[in-house]
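Reading through the structure tokens given below for one structure.
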Amino acid sequence: MLEGKNGGNLLGFHGRSGQALDAIGAYFSLLPQPEKIPAVGGDMGVAFDDGVFDGVKKITVGKDLGCVSYIKIEYEKNGNFLTREHGTIRGELKEFALDYPNECITSVGGSYGHVDIYKAVLIKTIFFQTSYGRISPTFGDATSPAGKEFMLEGKNGGQLLGFHGRSGQAIDALGAYFSPSPAPTPEKIDAVGGDMGVLFDDGVFDGVKKLTVGKDLNCVSYIKIEYEKDGKVETREHGTIRGEVKEFVVNYPSESIISVGGSYGDVDLYKAVLIKTLFFKTSYGRTSPTFGEPNSPGKEFLLEGKNGGKLVGFHGRSGQAIDSIGAYFWSVPAPQKIEAVGGKMGVAFDDGVFEGVRKIIVGKDLGCISYIKIEYEKERKVESREHGTIRGELNEFAVDYPTESITSLGGSYGLVNLYNDVLIKSLVFKTSTGRTSPIFGSPGNPVGEEFMFEGKNGGKLLGFHGRSGQAIDAIGVYFGTGSG
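The sequence shown lines up with residues 1 to 484 when you count with UniProt numbering.
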């Protein structure tokens, strides 16, 4: 097996060849090593080393007399979830779940010291801090003598990738691996509007459930936000004159706000520059009514995160009304482009990236997929793209968008004698609700080379690319990055 260190990418080949291939080697890119933080605690128990994973989804911690007696970690690697357990006395169990892959652990703190009942130095308490700014409860026995405190974290704010340490009946020592690059953090979009009023900063939450907006004389005078954090609703209010109040409800957590727009300008009655209007757009493609005074002229603005990231907090200035407003968005990784498979004839096409797919119509001709029509959604509008000119026998697969999305695409390709070309021979789709489409095309013998495309962590299909002429020569896709 030829492979690079730490999952480095293949860059090129070398070797020896004549009539056949005598030898082969490869060049791989060098990726930085994860940072290994030495373990703290006692020297009893048996050494363990979980190694390095892509991230952590959930941690379960057991508490026994005066110590942390058990830890169970749910790691993710290459889209699969793997569990590691340490310590044999489970005791009282509690868990800490992450909004993975958007949220990750960036530091591990706690304390260690001598525990008389075990006659050993053990980990006594443990807590976790995340890229969202969340801090877990303190697990273990915080009521006993504190012991020596510790904090495990990477040099560059990297994310937790794995644990190592020592354990027996309980957790004797604990160390960690962190990524060499900083963990992703929410993006802070600067406030727009006036410079009067008092600064406010709500910070970062898991998401937004409901917004209530008050309108007074030619301005937005009040805003109330119902955030969600750790499964609980937390409310923040800004502006003191409620005026005429209206609300906008989000179907959280499946729906989120992805942009905040509006206008600001001078309001004579307040003798200040204020926010005059506000509206919100969501991941479902919905747009709220325009709150405030839409008939009053002002300078327009739009606050939004990268790649459709969700709104997780507000900041700005307020007094009697809303002077200025800014926002925190969770930055979404760029869509994943999976290279096309199939033949090399036809003309290249690239639909680009949309918000999702509503319907796919597939045409079957002699031994191949000859036509595909995709109905995409973007900003609440349906946009269609068609590839291949021979429609043949048509069949369709509709998705219950936006609550359902396509999460994988499979099929086969091979030589089609009547076209004298390598073409896509069959296609099949799977969705986020577990549905599987019929097999479109010609799945019979000879089958051809099979393929399967799927997004990381259940990411949804956002677009197609490939090659086409009379039929579909090659096909590739774009997937969003899902949440696992």
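Backbone N, C-alpha and C define an ideal beta-carbon position, used for all residues, glycine too. These numbers were taken from a predicted model, which means no experiment stands behind them.
Beta-carbon spacing of residue i, residue j below 7 Å
{"i": "residue 276", "j": "residue 296", "result": "yes"}
{"i": "residue 183", "j": "residue 162", "result": "no"}
{"i": "residue 225", "j": "residue 213", "result": "no"}
{"i": "residue 93", "j": "residue 57", "result": "no"}
{"i": "residue 288", "j": "residue 256", "result": "no"}
{"i": "residue 280", "j": "residue 260", "result": "yes"}
{"i": "residue 317", "j": "residue 199", "result": "yes"}
{"i": "residue 203", "j": "residue 313", "result": "yes"}
{"i": "residue 136", "j": "residue 106", "result": "no"}
{"i": "residue 88", "j": "residue 169", "result": "yes"}
{"i": "residue 219", "j": "residue 334", "result": "no"}
{"i": "residue 241", "j": "residue 221", "result": "yes"}
{"i": "residue 441", "j": "residue 430", "result": "no"}
{"i": "residue 179", "j": "residue 45", "result": "no"}
{"i": "residue 66", "j": "residue 115", "result": "yes"}
{"i": "residue 340", "j": "residue 471", "result": "no"}
{"i": "residue 75", "j": "residue 48", "result": "no"}
{"i": "residue 356", "j": "residue 377", "result": "yes"}
{"i": "residue 298", "j": "residue 265", "result": "yes"}
{"i": "residue 274", "j": "residue 323", "result": "yes"}
{"i": "residue 25", "j": "residue 18", "result": "no"}
Whole-angstrom distance between residue j and residue i, CA atom to CA atom
{"i": "residue 385", "j": "residue 469", "result": "14 Å"}
{"i": "residue 62", "j": "residue 128", "result": "15 Å"}
{"i": "residue 480", "j": "residue 354", "result": "10 Å"}
{"i": "residue 453", "j": "residue 338", "result": "7 Å"}
{"i": "residue 95", "j": "residue 60", "result": "4 Å"}
{"i": "residue 267", "j": "residue 68", "result": "59 Å"}
{"i": "residue 484", "j": "residue 51", "result": "A caution first: residue 484 carries a pLDDT of 40, below 50, which makes its placement in the model too unreliable to give a value."}
{"i": "residue 329", "j": "residue 418", "result": "53 Å"}
{"i": "residue 120", "j": "residue 172", "result": "8 Å"}
{"i": "residue 72", "j": "residue 37", "result": "19 Å"}
{"i": "residue 55", "j": "residue 304", "result": "27 Å"}
{"i": "residue 122", "j": "residue 90", "result": "15 Å"}
{"i": "residue 22", "j": "residue 138", "result": "60 Å"}
{"i": "residue 112", "j": "residue 2", "result": "42 Å"}
{"i": "residue 228", "j": "residue 401", "result": "25 Å"}
{"i": "residue 80", "j": "residue 458", "result": "11 Å"}
{"i": "residue 150", "j": "residue 352", "result": "48 Å"}
{"i": "residue 361", "j": "residue 464", "result": "13 Å"}
{"i": "residue 141", "j": "residue 43", "result": "20 Å"}
{"i": "residue 404", "j": "residue 239", "result": "38 Å"}
{"i": "residue 101", "j": "residue 478", "result": "18 Å"}
Beta bridge counterpart(s) of residue i as assigned by DSSP
{"i": "residue 35", "result": "178"}
{"i": "residue 498", "result": "There is no way to answer for residue 498, as the model of the chain reaches only from 1 to 484."}
{"i": "residue 235", "result": "226"}
{"i": "residue 344", "result": "BP columns for residue 344 are empty, so no partner."}
{"i": "residue 363", "result": "371 and 394"}
{"i": "residue 56", "result": "75"}
{"i": "residue 452", "result": "410"}
{"i": "residue 17", "result": "21"}
{"i": "residue 314", "result": "327"}
Proximity to residue i [Cα-Cα], best of the options
{"i": "residue 428", "options": "450, 422 and 478", "result": "450"}
{"i": "residue 359", "options": "181, 77, 372 and 350", "result": "372"}
{"i": "residue 395", "options": "38, 369 and 76", "result": "369"}
{"i": "residue 306", "options": "189, 49 and 125", "result": "189"}
{"i": "residue 110", "options": "153, 75, 238 and 76", "result": "153"}
{"i": "residue 248", "options": "209, 459, 264 and 236", "result": "209"}
{"i": "residue 186", "options": "327, 246 and 156", "result": "327"}
{"i": "residue 195", "options": "325, 115 and 244", "result": "325"}
{"i": "residue 34", "options": "85, 181 and 48", "result": "181"}
{"i": "residue 191", "options": "146, 141, 315 and 148", "result": "315"}
{"i": "residue 175", "options": "41, 12 and 381", "result": "41"}
{"i": "residue 350", "options": "374, 365, 439 and 367", "result": "374"}
{"i": "residue 156", "options": "436, 278 and 177", "result": "177"}
{"i": "residue 233", "options": "387, 205, 125 and 197", "result": "205"}
{"i": "residue 345", "options": "466, 100 and 397", "result": "466"}
{"i": "residue 230", "options": "309, 103, 348 and 125", "result": "103"}
{"i": "residue 117", "options": "64, 126, 77 and 100", "result": "64"}
{"i": "residue 439", "options": "420, 416 and 397", "result": "397"}
{"i": "residue 407", "options": "143, 432, 101 and 294", "result": "432"}
{"i": "residue 311", "options": "387, 258 and 389", "result": "258"}
Proximity test, residue i beta-carbon vs the ligand ZN heavy atom, cut-off 6 Å
{"i": "residue 274", "result": "Ligands displayed in this structure: none; no statement on the ligand ZN is therefore possible."}
Inter-residue CB distance, residue i and residue j (contact presumed, cutoff 8 Å)
{"i": "residue 363", "j": "residue 391", "result": "4 Å"}
{"i": "residue 461", "j": "residue 409", "result": "7 Å"}
{"i": "residue 285", "j": "residue 253", "result": "Actually they do not touch by this definition, with Cβ atoms about 17 Å apart."}
{"i": "residue 422", "j": "residue 343", "result": "3 Å"}
{"i": "residue 193", "j": "residue 39", "result": "That pair is no contact at about 50 Å."}
{"i": "residue 244", "j": "residue 215", "result": "5 Å"}
{"i": "residue 331", "j": "residue 309", "result": "5 Å"}
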